[in-house]
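These notes are about the structure you will find just below.
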Amino acid sequence: MTDATFVPAALDPERRAALTRRRYAAEKRFRLYGVGAIGVSIAALVLLLVSVLGGGLPAFTQTFVRAQIYLDPAVLDPSGTRDPDGIRKVLTFAYAPLIKRSLETATAELQPTVPGITPALLAGMVSDGAPAQLRNYVIANPDSIGETVEFEFLANGRIDQYVKGNITRESSAGDARLDPAQLDAADRLLEAGVMELRFNPAFITNPDASENRPEAAGLGVALIGSAYMMLIVLVLSLPIGVAASIYLEEFAAKSWLTDVIEVNISNLAAVPSIVFGILGLAFFINFMNLPMSAPIVGGLVLTLMTLPTIIIATRAALKSVPPSIKEAALGVGASKMQAIFHHVLPLAMPGILTGTIIGLAQALGETAPLLLIGMVAFVKDFPAGLPDGLFDPATALPVQVYNFTQRADPAFVERASGAIIVLLVFLVAMNTVAIVLRQKLERTW
Amino acid sequence: MTLADQQLRYRPMDAVAPALAERPQAAEKVRARDVSVFYGEKQALFGVDLDIPRNKVTALIGPSGCCKSTFLRCINRMNDTIPTARVTGSIILDDVDIYSPAIDVVELRARVGMVFQKPNPFPKSIFENVAYGPRIHGMTRSKPELEQLVQGSLRRAGLWNEVKDRLHEPGTGLSGGQQQRLCIARAIATRPEVLLMDEPCSALDPIATAVIEELIDELRQNFTIVIVTHSMQQAARVSQQTAFFHLGKLIEHGETPDIFSNPREKQTEDYITGKIG
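Just so you know, the sequences run in chain order S and Z. Each residue of the first sequence is one higher than the last, beginning at 1 in my numbering. Each residue of the second sequence is one higher than the last, beginning at 1001 in my numbering.
In C-alpha cells form, the structure reads like this:
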C-alpha cells in the first residue's frame, strides 16, 4: 500500500558526502583484499614450483662412468662353446669381479694423484646394477666374449649425489659406503671426462629399483599404472556420470526418491578417499577376487570416487543451458531425447569437460585408496599391453612419490621431487587436452 | 492422423494447397472445449471454450498473468513439459482431440508450430536452424531438396535476402528482429498447420515489429495463426478474431473490430480503454 502523504526528507549534503567517502573506502579496501589474496596464491605457487623444480630437476640427470671391460672367456663361458644356455648359467654374481679386475689399469693411472684408491673402491663407484647390465649385454652379444668392450655405467648413488653437490666431504665423513678416496677419484674422472653428468631418460622409462640402487630407480611402471587407471576412470565415469546426470536432471520425476539420491551424490563427493579404498579392498578384491595391486582395481575405485564430481558438474552444466533452447527444439517437434542430445548436451559439453578434468585430476593425484588395494607394492616388471596389463601389478605416480620419500637413501629425495614434476606434467598435459576440446566445443548463445 | 494426411504434409507447399482445398473443411481449425489448467493444486485456467478459425489470425489479449500464454501452450501441449501442470477438457485439432492418448506429442508439435516471446535460435548456423525440424521429421529425401525447403522457409519469413550470403554463420549473430524471423522460418519449415506465437514482438523495436506484423498477415494464407500479445494496437492490426482473457477466464471473444469498437463485457471495455491491465 502506498501512502500518498509520505515524502522522503532530502538527504543532508554533509551526511551524503560522508556516506560517499565510506563507500569509496570500502571499495578500496575490498580491492586491496583481492590483490592481497591473489598475491598470496601466486607466492604459494611460486614457492611450490621453486621447491619442486629445484629439488626435482636434478633427478632427470645422472652421472655416468665409462669403463673398458675385458669380457674374460674363462669366467663367462667356461665350456668355450658360446652356447647361449651355458652363458645364461653364469650369474650376475660372477660379473662383479670382472669389473673390479678391468679397473686395475684405471686404478694405476689414478694412483699418483689419488693415493688411497684401489680397484675395489673404484668398482664401488659404479652402480650395483652394473654387473646385471654387463650380463645382459653378454647374453645379447655372445660373440663379444674375449674382447674388451667400452661400457657406460651409472655411477653409484652417493657419487652421483656428490657430483650434483648434494653431499660434501664434510657431510659424508662418517658414511660407510663412501671413501674419501672415491670422492678424489670422482674429481679426477670428471676432469678427464670419463665421468659425466647428463640427461637420463631412464628416470622416466625405468621401473623402480631397490633401496641400494637409487640411481637406477625410474617411474616407468608408475606412469603406465597411472595412465591405465586414468583410462579406466575416463571410460567408465564419463559415460556413467553423464548418463546419470541427464536422467536425473531431465527425465526423472521429482520425488522424495530423487531427492534422497541427490543428497547422497553430494555426500559421496565429500567422502574421504580412503573409505573408497576400503570399499575397493572389500568388494573388488575380497568379494570379486580381482588381483591386488592391479590398475583395474585402482581404476574402479577411482571411478567410484570421481563419479560424484562428474555428476555434480554435469548437472550444473545442464542446468545452465537456457531452457529456451530446449523449448525451441520441442517447439519444432523434437522429442525430449532429441532436444537434449541435439541441443542441450552440446551446450553443456564445456562444463561437463571441466568437471571431468577436475575429477580426473583428483583421481590422478589420489594416493590413500591405492595404498589399501596394494598399489604401494614394489613392482619391478612392466605391466603388459592393454587389456591384459590392466590385471598386472603396477603402481601409480603419487604412490611412487610416497614410496620414494619412505626410503632411507638421501638420493631418493630428489627422485621424489622428480616424480612430482612428472606427475604435474601429466596433469598439465591432461588439462591441455581438455582446454583444447573445450575451446572447440564452446559456443555462445 | 491418417497416412494420406502424412503424405500430404511431406509434399511441397504448392502441391499441398490445392489438395487441401478439395477436402471439405470446417471453418474452425481448432476447437477448445472446457479447457482448464492446474499447476499443482492451483487452478490457473478456468473452462475455456474457444473456436479458432482456419487461415485467420486469432489474438489472445489480456492483462499480465491472465493465462493467455498458458492457453496458447495447451494447443501444442507445451504444458506437458511442466511437471506439475495438468490440463483437462478437450482441444480438437481438425477432428482429433490432441489430448487423447493416441496422439503423439512430437507429431502434434510438427503440425502446430510455435514462436516464442524471446527469439531463441539454436546456437548453430542459420541454415541448421531452419533445417533442424525438417531433418528430424525426415521431410526431405536429398540435400538439394532440404536446401530448397530452407530457402523457401526463409523467403516466406522475409529473411532470405538478408541472410542468403551468410547461411552458414551463426543464427545468434543476427539482430533481434532477424532472429525472430529466423525462428518463424524455423517454425514454418516443418509445414505446420497452426502457428502459435507467444508475444513474438515484445522483445523487438517498432520497425522490426512492423516487419513481423506484415509477415503474420501474409502467413495467414497458409497457416492458422494464434498470437498472444500485450499490445492492443497489434491485436487490432493483425488479427481477425480477438479473445480477451482475465484472471484465467475467457471473458469474451469475437471479430476483432467488434471487440475493440463494441465490447459486450465491461471488463473488456475497461481493459481496452486502459483502466485495468
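Glycine residues also receive a C-beta, built at the ideal position from the N, C-alpha and C atoms.
- Query: Which of helix, strand or coil does DSSP assign to G124 (chain S)?
  - Reply: Here residue 124 (chain S) refers to the residue found at position 124 of the first sequence. Three-state DSSP puts G124 (chain S) in coil, outside helix and strand.
- For L1159 (chain Z), which residues from the same chain have a beta carbon less than 7 angstroms from its beta carbon, with the 5 sequence-adjacent residues on both sides left out? Residue mapping note: residue 1159 (chain Z) aligns to position 159 of the second sequence, counting from 1. Result list for L1159 (chain Z): Q1178, R1181, L1182 and A1185, in chain order.
- What's the C-alpha gap between V399 (chain S) and K319 (chain S)? Within the first sequence, residue 399 (chain S) is the residue found at index 399, counting from 1. Within the first sequence, residue 319 (chain S) is the residue found at index 319, counting from 1. Just so you know, the alpha carbons of V399 (chain S) and K319 (chain S) end up roughly 37 angstroms apart.
- Task: Between the Cα of F203 (chain S) and those of S:L300, S:L223, S:L307 and S:N212, spot the shortest distance and give me the residue it belongs to.
- Result: Indexing the first sequence from 1 puts residue 203 (chain S) at position 203. When C-alpha distances from F203 (chain S) are compared across S:L300, S:L223, S:L307 and S:N212, the shortest belongs to S:L223.
- Message: Please identify the residue among Z:I1075, Z:P1123, Z:P1170 and Z:D1217 whose C-alpha is closest to the C-alpha of E1107 (chain Z).
- Response: As a working note, residue 1107 (chain Z) is residue 107 in the second sequence. Comparing C-alpha distances from E1107 (chain Z) to each of Z:I1075, Z:P1123, Z:P1170 and Z:D1217 shows the shortest one belongs to Z:I1075.
- Quick one: which chain Z residues come within Cβ less than 8 angstroms of I325 (chain S)? Within the first sequence, the letter at position 325 stands for residue 325 (chain S). Those are N1120, F1122 and P1123, listed as they occur along chain Z.
- Inter-residue CB distance, R1077 (chain Z) and V1105 (chain Z) (contact presumed, cutoff 8 angstroms): Indexing the second sequence from 1 puts residue 1077 (chain Z) at position 77. Indexing the second sequence from 1 puts residue 1105 (chain Z) at position 105. Indeed, because the Cβ distance is near 5 angstroms, the residues count as touching under 8 angstroms.
- Sorted by chain position, which residues of the same chain lie with C-beta nearer than 8 angstroms to P1192 (chain Z)'s C-beta, five sequence neighbours on each side aside? By 1-based counting over the second sequence, the position of residue 1192 (chain Z) is 192. Exclusion of the five residues before and after P1192 (chain Z) leaves A1110, R1111, V1112, G1113 and F1223 as the residues of its chain whose Cβ lies within less than 8 angstroms of its Cβ.
- Message: Tell me which residue opens and which closes the alpha helix (DSSP H) that Y1221 (chain Z) is part of.
- Response: For the purposes of this step, residue 1221 (chain Z) is identified with residue 221 of the second sequence, where counting begins at 1. It is Gln, not Tyr, that sits at residue 1221 (chain Z) in the sequence shown. Segment: none, Q1221 (chain Z) is in no alpha helix (DSSP H) and carries neither H nor E.
- State the CB to CB distance for the pair H1253 (chain Z) and F1260 (chain Z), rounded to an integer number of angstroms; the pair is presumed to be in contact (CB under 8 angstroms). Within the second sequence, numbered from 1, the residue matching residue 1253 (chain Z) stands at position 253. Within the second sequence, numbered from 1, the residue matching residue 1260 (chain Z) stands at position 260. About 12 angstroms separates the two Cβ atoms, so there is no contact after all.
- Message: So, with DSSP's three-state summary, where would you put T1002 (chain Z)?
- Response: On the second sequence, position 2 is the one that residue 1002 (chain Z) refers to. Interpretation of T1002 (chain Z) is limited by its pLDDT of 44, a score under 50 that renders its predicted location unreliable; the figure taken from the coordinates is listed afterwards. In the structure shown, the three-state DSSP call for T1002 (chain Z) is coil.
- Task: Enumerate in chain order the residues of its own chain whose CB-to-CB distance from N1120 (chain Z) is below 7 angstroms, with the five nearest sequence positions on each side excluded.
- Result: Taking the first residue of the second sequence as 1, we reach residue 1120 (chain Z) at position 120. Excluding positions up to five away in sequence, the list reads C1183.
- Query: Are the C-beta of P1053 (chain Z) and some C-beta of chain S separated by less than 8 angstroms?
  - Reply: In the second sequence, counting from the first residue as 1, residue 1053 (chain Z) sits at position 53. When Cβ-Cβ separations below 8 angstroms define contact, P1053 (chain Z) makes no contact with chain S.
- Message: According to DSSP, is Q62 (chain S) part of a helix, a strand, or is it coil?
- Response: Start at 1 with the first residue of the first sequence, and residue 62 (chain S) comes out as number 62. Secondary structure of Q62 (chain S) (DSSP, three-state): strand.
- Item | Environment of R1264 (chain Z) [buried if 16+ CB atoms lie within 10 Å] | For the purposes of this step, residue 1264 (chain Z) is identified with residue 264 of the second sequence, where counting begins at 1. Exposed.
- Along chain A, which residues have their Cβ under 9 angstroms away from the Cβ of M1114 (chain Z)? Although the question refers to chain A, the structure presented lacks it and instead comprises the protein chains S and Z.
- Query: Of all the alpha helix (DSSP H) runs that stay within the bounds of the region 1171-1231 of chain Z, which reach a length of 4 or more residues?
  - Reply: Runs of the alpha helix (DSSP H) inside the region 1171-1231 of chain Z: 1176-1188 and 1206-1219.
- Message: Taking 8 angstroms as the threshold (beta carbon to beta carbon), is K28 (chain S) in contact with chain Z?
- Response: Locating residue 28 (chain S) in the first sequence gives position 28, where the first residue counts as 1. Proximity of K28 (chain S) to chain Z, defined by a Cβ-Cβ separation below 8 angstroms, is not satisfied.
- Item | Beta-carbon proximity check, H1168 (chain Z) vs G333 (chain S), cutoff 8 angstroms | Taking the first residue of the second sequence as position 1, residue 1168 (chain Z) is located at position 168. Taking the first residue of the first sequence as position 1, residue 333 (chain S) is located at position 333. The answer is no: Cβ separation not under 8 angstroms.
- Query: Interface residues of chain Z around L347 (chain S) at Cβ under 8 angstroms?
  - Reply: Translated into the one-based positions of the first sequence, residue 347 (chain S) becomes position 347. Under the 8 angstroms cutoff, chain Z gives P1123.
- Query: Which partner residues of G225 (chain S) appear in the DSSP bridge assignment?
  - Reply: Position 225 of the first sequence, counted from the first residue, corresponds to residue 225 (chain S). Beta-bridge analysis with DSSP links G225 (chain S) to no other residue.
- In chain S, which residues lie with their C-beta within 9 angstroms of the C-beta of Y1039 (chain Z)? As a position in the second sequence, residue 1039 (chain Z) is number 39, starting the count at 1. Residues of chain S passing the Cβ test: none, with the nearest at roughly 14 angstroms.
- Query: Would the region 1125-1137 of chain Z and the region 327-345 of chain S be scored as touching if the rule is three or more Cβ pairs under 8 angstroms?
  - Reply: Touching, per the Cβ criterion.
- Item | Outcome for E1218 (chain Z) when other beta-carbon atoms lying within 10 angstroms are tallied against a minimum of 16 | One-based indexing of the second sequence puts residue 1218 (chain Z) at position 218. Classification of E1218 (chain Z): exposed, given that the 10 Å Cβ count is below 16.
- Ordered along the chain, which non-local residues of its own chain (more than five positions away) have a Cβ less than 7 angstroms from that of T1172 (chain Z)? By 1-based counting over the second sequence, the position of residue 1172 (chain Z) is 172. In its chain, beyond the 5 residues on either side, P1121 and P1123 have a beta carbon closer than 7 angstroms to the beta carbon of T1172 (chain Z).
- Task: Leaving aside the five residues before and after P496 (chain S) along the sequence, list all residues of the same chain whose C-beta is less than 6 angstroms from its C-beta, in chain order.
- Result: Since the first and last residues shown for chain S are 1 and 445, residue 496 (chain S) lies out of range.
- Query: How is D1034 (chain Z) classed by DSSP in three states: helix, strand or coil?
  - Reply: In the second sequence, counting from the first residue as 1, residue 1034 (chain Z) sits at position 34. Looking at D1034 (chain Z) - three-state DSSP - the assignment turns out to be strand.
- How is the alpha helix (DSSP H) around D259 (chain S) delimited, first residue to last? The residue given as residue 259 (chain S) occupies position 259 in the first sequence. Where D259 (chain S) is concerned, the enclosing alpha helix (DSSP H) stretches over W256 to A269.
- From the beta carbon of Y1132 (chain Z), is the nearest beta carbon of chain S less than 8 angstroms away? Here residue 1132 (chain Z) refers to the residue found at position 132 when the second sequence is read from its first residue. Yes - at least one Cβ of chain S is within 8 angstroms of the one on Y1132 (chain Z).
- Reference S1220 (chain Z); option with closest CA among Z:L1093, Z:A1044 and Z:P1053: One-based indexing of the second sequence puts residue 1220 (chain Z) at position 220. As written in the sequence, residue 1220 (chain Z) is Arg, which differs from the Ser given in the question. Of the candidates Z:L1093, Z:A1044 and Z:P1053, the one whose C-alpha sits nearest the C-alpha of R1220 (chain Z) is Z:P1053.
- Does the beta-carbon distance from V1030 (chain Z) to I1091 (chain Z) come in below 8 angstroms? Working through the second sequence from its first residue, we reach residue 1030 (chain Z) at position 30. Working through the second sequence from its first residue, we reach residue 1091 (chain Z) at position 91. Yes, Cβ-Cβ distance for V1030 (chain Z) and I1091 (chain Z) is below 8 angstroms.
- May I ask you to list the residues that DSSP assigns as paired with D1097 (chain Z)? As a first step, residue 1097 (chain Z) is located in the second sequence; it is residue number 97 there, counting from the start. Looking at the DSSP output, D1097 (chain Z) sits in a beta bridge with Z:I1092.
- Return the first residue and the last residue of the beta strand (DSSP E) that R198 (chain S) is part of. What you label residue 198 (chain S) is simply residue 198 of the first sequence in a count that begins at 1. R198 (chain S) -> beta strand (DSSP E) spans M195 to F199.
- Message: Taking a contact to mean a Cβ-Cβ separation below 8 angstroms, would you say L134 (chain S) touches I69 (chain S) in this structure?
- Response: Counting from one through the first sequence, the residue named residue 134 (chain S) turns up at place 134. Counting from one through the first sequence, the residue named residue 69 (chain S) turns up at place 69. Inclusion of L134 (chain S) and I69 (chain S) in the CB contact set at 8 angstroms is warranted, their separation being smaller than that value.
- Report the three-state DSSP secondary structure of K1249 (chain Z) (helix, strand or coil). By 1-based counting over the second sequence, the position of residue 1249 (chain Z) is 249. For K1249 (chain Z), the secondary structure class from DSSP, reduced to helix, strand or coil, is strand.
- Task: Mind listing the chain S neighbours of P1200 (chain Z)? Cutoff is C-beta to C-beta under 7 angstroms, in chain order.
- Result: Position 200 of the second sequence holds residue 1200 (chain Z). Result: empty, since nearest Cβ-Cβ is about 12 angstroms, beyond 7 angstroms.
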